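Accompanying notes for the structure given below.
Residue numbers (my numbering): 309 to 705.
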């Protein structure tokens, strides 16, 4: 006898499969979008961290050398021995408003008085970050988008002989509409400006020393790279990032497209495209210090550099051999704190606590003190008679 059995065949219809594919696609698209945003955020954070590291390295260099480094050249690659090294800021052959030989030169919007009494508009030089002299890794001189960080500095501040914190020549503006506001006081007094050209690469140079995209258009972030004979002033922009679309060709009031055909372009600072994706940092003008500090070669550094750097201080005296060399009287209105006292030759030292203390130190009866040495008062019988209480015979507490 033969038996037959009917089996139910299970499966998916085409409609069910289509729905499943759509659901999976939506899930993948959402996941990829979230991952893409995560990657962008990671690049932004790493670029910001590198920017802060460069800022720290510049100020550390200034503490050690009494000046800021000269920018490196944009236009040379890794196979060039000068790659990453500072250039020669004493060479003024490149005129203001010109980009040549891997650097761009501008001039300040203000005048400063220099050592000979004359007034000048300081030159500002922009190039790549000289990572080798800053003790930075090469990767720290590039943002996370593949472009080199740009570094603009007042040329006077790259030489310790002309370094003066009052002579900064860079102006920094914000992104207020319709007209930007100055962010440094006085205007045009910032010392340096460091910035990443951002993900749009406008004005950025790559590892080979080639310009990725020219600095064109009237976008907000082009303010920092628009050097030309017609725009030779050192004005840089520092403002909040804007997601307005990039517009290389013209300008718009709220970030859409260029100007209409036949229209005159709007003046700088009015109705600009608000696109800005740079990561920037700048150093404003310092207050001129009342104290100066000299290193062993004799040049002065700022007093606020005192700290980890082993330097000497000279007050109204040309000598810098001692840690503190005072030419003239030194008055102390409160406690004078010291751990050791020595003679002028640095010898015959004793601990300052030996002068007083619970037991004190004193001379034998009938003798007076005429000095201190070898941890003891130096005493002798006076060759003259002083009124009682008008001579020194010892210290107690």
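Glycine included, C-beta positions come from ideal geometry on N, C-alpha and C.
Since the model is a prediction, treat every value here as computed from it, not as a measurement.
**Asked** Hey, would you say residue 711 sits closer than 8 Å to residue 483, going by beta carbons?
**Response** As displayed, the chain neither begins before 309 nor continues past 705, which places residue 711 out of reach and without an answer.
**CB of residue 406 within 8 Å of CB of residue 477, strictly** = Against the chain shown, residue 406 aligns to sequence position 98. Against the chain shown, residue 477 aligns to sequence position 169. In this structure, residue 477 does not lie closer than 8 Å to residue 406 by Cβ.
**Message:** Please return the same chain residues whose Cβ sits closer than 8 Å to the Cβ of residue 373, not counting the five positions on each side in sequence.
**Reply:** Counted from its first residue, the chain shown places residue 373 at position 65. Residues 468 of the same chain have their beta carbon placed closer than 8 Å to that of residue 373, with the five preceding and five following residues left out of the count.
**Whole-Å CB distance - residue 410 paired with residue 435, under 8 Å assumed** = Translated into the one-based positions of the chain shown, residue 410 becomes position 102. Translated into the one-based positions of the chain shown, residue 435 becomes position 127. About 6 Å separates the Cβ atoms of residue 410 and residue 435, confirming a contact at the 8 Å cut-off.
**Request:** Report the rounded CA-to-CA distance for residue 668 versus residue 423, giving the unit in angstroms.
**Result:** Translated into positions along the chain shown, residue 668 becomes position 360. Translated into positions along the chain shown, residue 423 becomes position 115. Straight-line Cα distance between these residues: approximately 53 Å.
**Request:** Measure how close the beta-carbons of residue 276 and residue 362 come, nearest whole angstrom, since I'm counting them as under 8 Å.
**Result:** Because residue 276 is not part of the residues shown, which for the chain are 309 to 705, the question remains open.
**Request:** Could you check what DSSP says for residue 420 in three-state terms: helix, strand or coil?
**Result:** Taking the chain shown and counting its residues from 1, the one referred to as residue 420 is at position 112. Strand at residue 420.
**Prompt:** Hey, how far is the Cα of residue 502 from the Cα of residue 458?
**Reply:** To locate residue 502, count along the chain shown from 1; it is residue 194. To locate residue 458, count along the chain shown from 1; it is residue 150. Just so you know, the alpha carbons of residue 502 and residue 458 end up roughly 6 Å apart.
**Asked** What number of angstroms, rounded off, separates the C-alpha of residue 485 from the C-alpha of residue 450?
**Response** Taking the chain shown and counting its residues from 1, the one referred to as residue 485 is at position 177. Taking the chain shown and counting its residues from 1, the one referred to as residue 450 is at position 142. Computed Cα separation, rounded: 31 Å.
**3 or more residues per run - each beta strand (DSSP E) lying fully within the segment 465-534** = Fully enclosed beta strand (DSSP E) runs of 3 or longer: 479-481, 500-504.
**Prompt:** What are the residues that DSSP puts in a beta bridge with residue 669?
**Reply:** Numbered from its first residue, the chain shown carries residue 669 at position 361. Beta-bridge pairing links residue 669 to 703.
**Prompt:** Can you tell me whether residue 264 is buried or exposed, with buried defined as 16 or more other CB within 10 angstroms of its CB?
**Reply:** Since the displayed the chain opens at 309 and closes at 705, residue 264 lies outside it and no answer follows.
**Message:** Out of 661, 693, 656, which one is the CA nearest neighbour of residue 674?
**Reply:** For the purposes of this step, residue 674 is taken as residue 366 along the chain shown, with counting starting at 1. For residue 674, the closest of 661, 693, 656 by C-alpha to C-alpha distance is 693.
**Item:** residue 320 versus residue 521 - alpha carbon distance
**Value:** The residue given as residue 320 occupies position 12 in the chain shown. The residue given as residue 521 occupies position 213 in the chain shown. Using only the alpha carbons, I get a separation of about 53 Å.
**Prompt:** Which class does residue 375 belong to by DSSP, given the choice of helix, strand or coil?
**Reply:** Here residue 375 is taken as the residue at index 67 of the chain shown, counted from 1. Collapsing the DSSP output to three states places residue 375 in coil.
**Message:** Let's see if you can read the secondary structure: which residues bound the beta strand (DSSP E) around residue 633?
**Reply:** What you label residue 633 is simply residue 325 of the chain shown in a count that begins at 1. DSSP places residue 633 in the uninterrupted beta strand (DSSP E) bounded by 632-634.
**Request:** Please list, in chain order, all residues of the same chain as residue 689 whose beta carbon is under 7 Å from its beta carbon, the five residues on each side excluded.
**Result:** Stepping through the chain shown from its first residue, residue 689 is reached at position 381. Taken in chain order, the residues that qualify are 674, 675.
**Message:** Using 8 Å as the threshold, is the C-beta distance between residue 382 and residue 513 below it?
**Reply:** Working through the chain shown from its first residue, we reach residue 382 at position 74. Working through the chain shown from its first residue, we reach residue 513 at position 205. For residue 382 and residue 513, yes; Cβs fall inside 8 Å.
**Request:** Look at the alpha carbon of residue 400 and the alpha carbon of residue 479, and state the distance between them as a whole number of angstroms.
**Result:** For the purposes of this step, residue 400 is taken as the residue at position 92 of the chain shown. For the purposes of this step, residue 479 is taken as the residue at position 171 of the chain shown. Annotation: residue 400 to residue 479 spans about 21 Å, alpha carbon to alpha carbon.
**Message:** For a test of the three-state rule: what should DSSP assign to residue 580, helix, strand or coil?
**Reply:** Here residue 580 refers to the residue found at position 272 when the chain shown is read from its first residue. In the structure shown, residue 580 falls within a coil segment according to DSSP collapsed to helix, strand and coil.
**Item:** Integer-rounded CB distance, given that residue 446 should sit under 8 Å from residue 540
**Value:** Within the chain shown, residue 540 is the residue found at index 232, counting from 1. Within the chain shown, residue 446 is the residue found at index 138, counting from 1. Between residue 446 and residue 540 the Cβ distance is about 31 Å, and since that is not below 8 Å, they are no contact.
**Message:** Just to confirm my understanding: we take residue 686, look at its own chain, exclude 5 residues before and 5 after, and list those with CB closer than 6 Å. What are they?
**Reply:** Taking the chain shown and counting its residues from 1, the one referred to as residue 686 is at position 378. The residues are 678, 679.
**Message:** Quick check: the Cα distance between residue 544 and residue 523, rounded to an integer number of angstroms?
**Reply:** Position 236 of the chain shown holds residue 544. Position 215 of the chain shown holds residue 523. A direct Cα-Cα distance of roughly 13 Å separates residue 544 from residue 523.
**Asked** Do you know offhand how far residue 537's Cα is from residue 639's?
**Response** On the chain shown, residue 537 is found 229 positions in, with the first residue counted as 1. On the chain shown, residue 639 is found 331 positions in, with the first residue counted as 1. Going by the C-alpha atoms only, they are around 56 Å apart.
**Prompt:** How far does the beta strand (DSSP E) with residue 429 in it reach, from first residue to last?
**Reply:** In the chain shown, the residue the question calls residue 429 occupies position 121. Note, residue 429: premise wrong, no beta strand (DSSP E); not H, not E.
**Sequence-distant residues of its chain with Cβ nearer than 6 Å to residue 358 (five each side left out)** = Translated into positions along the chain shown, residue 358 becomes position 50. Only 448 meet the Cβ criterion.
**Request:** Measure the alpha-carbon distance for residue 351 versus residue 507 and round it to whole angstroms.
**Result:** Walking along the chain shown from the start, residue 351 turns up at place 43. Walking along the chain shown from the start, residue 507 turns up at place 199. For residue 351 and residue 507, the distance between alpha carbons rounds to 9 Å.
**Message:** Short of 7 Å in beta carbon distance, which residues of its chain neighbour residue 391, apart from the five on each side in sequence? Order them along the chain.
**Reply:** Taking the first residue of the chain shown as 1, we reach residue 391 at position 83. 384, 385, listed in sequence order.
**Cβ neighbours of residue 588 in the same chain (closer than 8 Å, five flanking residues each side left out)** = Here residue 588 refers to the residue found at position 280 when the chain shown is read from its first residue. Excluding sequence neighbours, residue 588 sits near 359, 501, 502, 503, 504, 532, 544, 545, 546.
**Item:** Under the three-state DSSP convention, the category residue 355 falls into
**Value:** As a position in the chain shown, residue 355 is number 47, starting the count at 1. Helix, per DSSP.
**Request:** Measuring alpha carbon to alpha carbon, tell me which of 366, 348, 703, 590 ends up nearest residue 442.
**Result:** By 1-based counting over the chain shown, the position of residue 442 is 134. Answer by Cα proximity: 366.
**Asked** Do you know how far the Cα of residue 461 is from the Cα of residue 452?
**Response** The residue given as residue 452 occupies position 144 in the chain shown. The residue given as residue 461 occupies position 153 in the chain shown. Distance between residue 452 and residue 461, taken at the CA atoms: about 23 Å.
**Asked** Among 387, 488, 497, 491, which has the Cα closest to the Cα of residue 464?
**Response** Counted from its first residue, the chain shown places residue 464 at position 156. Distance check between residue 464 and each of 387, 488, 497, 491 places 497 closest, using alpha-carbon atoms only.
**Prompt:** Roughly how many angstroms lie between the CA atoms of residue 472 and residue 649, to the nearest whole one?
**Reply:** In the chain shown, residue 472 corresponds to position 164, counting from 1. In the chain shown, residue 649 corresponds to position 341, counting from 1. Looking at the two C-alpha atoms, the distance is approximately 35 Å.
**Request:** Return the CA-CA distance between residue 701 and residue 684, expressed in angstroms with no decimal places.
**Result:** As a first step, residue 701 is located in the chain shown; it is residue number 393 there, counting from the start. As a first step, residue 684 is located in the chain shown; it is residue number 376 there, counting from the start. About 12 Å.
**Prompt:** Going straight from the alpha carbon of residue 466 to that of residue 353, what length do you get?
**Reply:** For the purposes of this step, residue 466 is taken as residue 158 along the chain shown, with counting starting at 1. For the purposes of this step, residue 353 is taken as residue 45 along the chain shown, with counting starting at 1. Taking the straight line from one Cα to the other gives about 30 Å.
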